[in-house]
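So the structure is just underneath, and the comments pick up after that.
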Amino acid sequence: MKFIVNGSGGVTTELVFQGQVDITDCRQYANDKVDFQGKLGEVFFFPSLSGEGHLLIGLGQAENLGYDQLREAFFSAGRELDKYRLPEVEIELTVFTGLSNGKVIEAVAEGLLQSSYRFDKYKTEKKASPELTVNLTFPTEEVSVINDGISRAEKLIAGIFLARDLVNEPSCVIYPETLALKAKEALEPLGIKVTVYEEDEIREIGLHAFLNVSLGSAKRPRLIVMEYKGDPDSAECTGVVGKGLTYDAGGYSLKPSDSMRTMYSDMGGAGTVIGMMLVLGKMKVKANVTGVIAACENLISGGAYKPGDVIRSLSGKTIEIDNTDAEGRLTLADAVYYASKHLNCDRVIDLATLTGACLIALGEEYSAAITNNAAFLAGVKAAAEAAGERVWELPNDKDFAKRNESKIADIKNSGGRLGGTISAGQFIEAFLYDDKPWVHLDIAGTAFIDKPQHYLPAGATGIHVKTLVNLFS
Ligand code: BES
Ligand code: MN
Ligand code: ZN
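Note that the sequence shown ends on residue 475 in the working numbering; no numbers are left out.
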């Protein structure tokens, strides 16, 4: 997709609020034929003999219009243009009361770009779509503001699409070694330092909980550390830790086939961290952010860890393995301790496709949050809200943490099914160094979805790339 500021040509467009369909020629036609009401996401395309056609774009009720509604409306417009394989469109934007012009432009461009996501590399015959040219005007706005909005959207989308691609790739393509290579390939050209530790070094540092999860796989683990220093005058740094299970078969607590089917996507957190780092680098965001991914596979073999094992962790705490399918929290325990102690991050946010219980509680619509610091979470929630990414806080009540108590070790890795999202988060919390401010996002429901949602496609969503970029910019 390419944007031409103040260009002209192609399909003409008209933005229509619901309940304000002021009936003129073509809208009359649309009203008569299809009852076009201007609902959010509703579109109506009319071909024309004389011109290139006209597209009505529904914005919904005027009083409900926000940036996410614009993303959705223009996503629908993009899809409609693609459906008819139209190569060019002309869009004129105007001021919407209560919204900033720059952010309107960014949301419109993002919505259009969202419509272009495909994961069709394994289809020999691809659906041929022409590259869309978007002629964008905003008569009362400076060209530089329009360009900025478009360019921000393009950078964000690059990160979101990278995250999606990494997560959509099957585990025969993306495994710890190749995930690390992809991170290097994407981030090093932007000046981001990417350090990849192999098994011997991981053992030397002492991430034994992480290593135990990796034991059943012939594909050896990697610890990926990505350092972005956008604010060199500041010593502050935030650690962003992503769960990076490139496959989760459950280990000896084996998953049933149906649950295992899509477990190549158990690295949604890692995808988001890499995607976010890409955007930070492209936007030159003024912040210091360190990404950490403990990447491995959870499989079965003669060397695999087993239920009943007692293992060590980087923190020194011993862990009783109650269930080898509760592996994510083991990798995160070491990664979070490493970020908060060894890398000296001042605060840590972790993102993980951690629990099936999260899907039961909040579906594919909301990510669950747990925190030890209300102010930090308030910042994350505000950033998520602006991103159109939904987050719901669960109670960090220590009664739930009792479920993680072990009879023979310091802690056990599963607190059972009841309140499972909370006890899983609290397991990770137990491995924070110095009780540093921490936010945990369980993205088991939101990172990889069965059915498309608004402008999110089925499969990997790249959820929270935008949230994190907003948090740091
Ligand atoms: N990766 C899964 C969680 C998951 C489930 C993500 C469905 C996405 C969709 C995680 O490693 C897991 O297996 N969790 C167990 C924990 C249990 C054994 C305490 C679960 O939720 O069943
Ligand atoms: Mn698991
Ligand atoms: Zn998992």
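Glycine included, each C-beta is placed from N, C-alpha and C at the ideal position.
As the structure is a prediction and not an experimental result, all values here were calculated from the model.
Margin query: On the DSSP bridge list, what partners appear for Cys298?
Written below: Paired residues: Leu247.
Exercise. Which word fits Asp37, buried or exposed, when buried means at least 16 other C-beta atoms lie within 10 angstroms of its C-beta?
Worked result: An exposed status is given to Asp37, since fewer than 16 other beta-carbon atoms sit within 10 Å of its beta-carbon.
- Message: Buried or exposed, going by whether 16 or more other CB atoms sit within 10 Å of the CB of Glu190?
- Response: With fewer than 16 Cβ atoms within 10 Å of its Cβ, Glu190 is classed as exposed.
Met265 versus Glu431, Gly427 and Leu356, residue with shortest Cα-Cα distance | When only C-alpha atoms are compared, the closest one is Leu356.
query = Going by C-alpha distance, which of Val169, Leu101, Leu164 and Gly62 is nearest Ala449?
reply = Ranked by Cα distance from Ala449, the options Val169, Leu101, Leu164 and Gly62 are led by Val169.
Every unbroken alpha helix (DSSP H) inside the segment 395 to 433 [4 residues or more]: With a minimum length of 4 residues, the unbroken runs of alpha helix (DSSP H) contained wholly in the segment 395 to 433 fall at 400 to 403 and 422 to 431.
Any residues whose CB sits closer than 5 Å to a heavy atom of the ligand BES? List them in chain order?
Going by the Cβ distance cut-off, the answer is Asp250, Asp268, Asn325, Asp327, Ala328, Gly330, Thr355, Thr357, Gly358, Ser416 and Ala446.
- Task: To the nearest angstrom, report how far apart Asp437 and Arg263 are at their CA atoms.
- Result: Spanning the two alpha carbons is a distance of roughly 37 Å.
### Message
Rounded to whole angstroms, what is the Cα-Cα separation between Ala403 and Arg331?
### Response
Cα atoms of Ala403 and Arg331: separation of roughly 14 Å, rounded to the nearest angstrom.
- Item | Among Lys400, Tyr435, Val312 and Ala335, nearest to Ala411 - alpha-carbon criterion | Minimum Cα distance to Ala411 is reached at Val312.
Q) Does the beta-carbon distance from Gly151 to Gly104 come in below 8 Å? A) Yes, these two residues count as a Cβ contact at 8 Å.
Checklist entry - Under a Cβ-count criterion, where at least 16 other Cβ atoms within 10 Å of its own Cβ denotes burial, should Ala363 be classed as buried or exposed? => result Result: buried.
Heavy atom of the ligand MN less than 7 Å from the Cβ of Asn214, yes or no?
No; taking the cut-off as 7 Å, the Cβ of Asn214 has no heavy atom of the ligand MN nearer than that.
Check your understanding: For Leu138, which of Tyr249, Phe212 and Thr14 has the nearest alpha-carbon?
Key -> Among Tyr249, Phe212 and Thr14, the Cα nearest to that of Leu138 belongs to Thr14.
By Cβ distance, which residues of its chain are closer than 6 Å to Asn8, with the 5 residues on each side in sequence left out?
-> Its chain contains Thr139 as the residues whose beta carbon lies nearer than 6 Å to that of Asn8, once the 5 sequence neighbours on both sides are disregarded; these appear in chain order.
For a test of your reading of the model: does the CB of Leu247 fall under 7 Å from any non-hydrogen atom of the ligand ZN? Yes or no. Leu247: yes, Cβ under 7 Å from the ligand ZN.
>> Using C-beta distances below 6 Å, list every residue in its chain close to Lys288, excluding the 5 sequence neighbours before and after it, in chain order.
In response: Taken in chain order, the residues that qualify are Gly232 and Asp233.
By DSSP, does Thr373 sit in helix, in strand, or in coil?
In the structure shown, the three-state DSSP call for Thr373 is strand.
Segment limits, beta strand (DSSP E) that includes Pro442 | Correcting the residue identity first, residue 442 is His in this sequence and not Pro. Looking at the DSSP string, the run of the beta strand (DSSP E) that includes His442 is Trp440 to Asp444.
Problem set entry | Whole-number beta carbon distance between Tyr249 and Asn300, since they are thought to touch under 8 Å | Their Cβ separation, rounded to whole angstroms, is 7 Å, which keeps Asn300 and Tyr249 in contact under 8 Å.
Query raised in the report: Is it true that the segment 466 to 473 meets the segment 172 to 181, where meeting means three or more beta-carbon pairs spaced less than 8 Å apart?
Result: The segment 466 to 473 vs the segment 172 to 181: no contact.
Indicate, with yes or no, if the ligand MN has a heavy atom lying under 7 Å from the CB of Asn8.
Remark: the C-beta of Asn8 is outside contact range of the ligand MN, defined as less than 7 Å to any heavy atom.
Q) Does the distance from the C-beta atom of Thr274 to that of Gly464 stay below 8 Å? A) It is a contact, given that the beta carbons lie within the stated cut-off.
- Can you name, in chain order, every residue of its own chain whose Cβ lies under 7 Å from the Cβ of Tyr254, other than the five neighbours on each side? Short of 7 Å from the beta carbon of Tyr254, and not among the five residues preceding or following it, lie these beta carbons of its own chain, in chain order: Ile302, Ala306, Lys308, Pro309 and Thr326.
Supposed close pair Ile430, Leu396 - CB separation, criterion 8 Å: Distance from Ile430 to Leu396 at the Cβ level is roughly 13 Å; contact not present, criterion being Cβ atoms closer than 8 Å.
**Residues sharing a beta bridge with Ile351, DSSP** = DSSP output for Ile351 lists Val242 and Val441 as bridge partner(s).
Legend entry - Residues near Glu90 by beta carbon distance below 6 Å, same chain, minus five either side: Gly11, Gly12 and Thr135, listed in sequence order.
Could you tell me whether any non-hydrogen atom of the ligand MN is closer than 7 Å to the CB of Gly464? Checking the Cβ of Gly464 against the ligand MN gives no.
So the alpha helix (DSSP H) Asn472 belongs to, where does it begin and stop? Unbroken alpha helix (DSSP H) run through Asn472: Val467 to Phe474.
*To the nearest angstrom, report how far apart Ala111 and Ala155 are at their CA atoms.*
In this model, Ala111 and Ala155 are separated by some 6 Å (Cα to Cα).
For Asn290, which of helix, strand or coil comes out of DSSP? Correct three-state label for Asn290: strand.
Task: Residue range of the alpha helix (DSSP H) that includes Lys85 - done: Counting along the chain, the alpha helix (DSSP H) containing Lys85 begins and ends at Tyr69 to Lys85.
| query | Since Ile445 and Ser342 are thought to touch, with beta carbons under 8 Å apart, how far apart are those beta carbons, to the nearest angstrom? | reply | Incorrect: roughly 20 Å between the Cβ atoms, too far for contact.
Q.
Contact defined as beta carbons within less than 8 Å: I believe Met3 pairs with Leu183. What is the distance between those atoms, to the nearest angstrom?
A. With a beta-carbon spacing of about 28 Å, Met3 and Leu183 fall beyond the 8 Å limit used to define contacts.
Limits of the alpha helix (DSSP H) - the one that Tyr339 falls within = Where Tyr339 is concerned, the enclosing alpha helix (DSSP H) stretches over Gly330 to Tyr339.
Distance check for Leu280 and Val18, CA to CA, integer angstroms please. Each residue's Cα considered, the two are about 36 Å apart.
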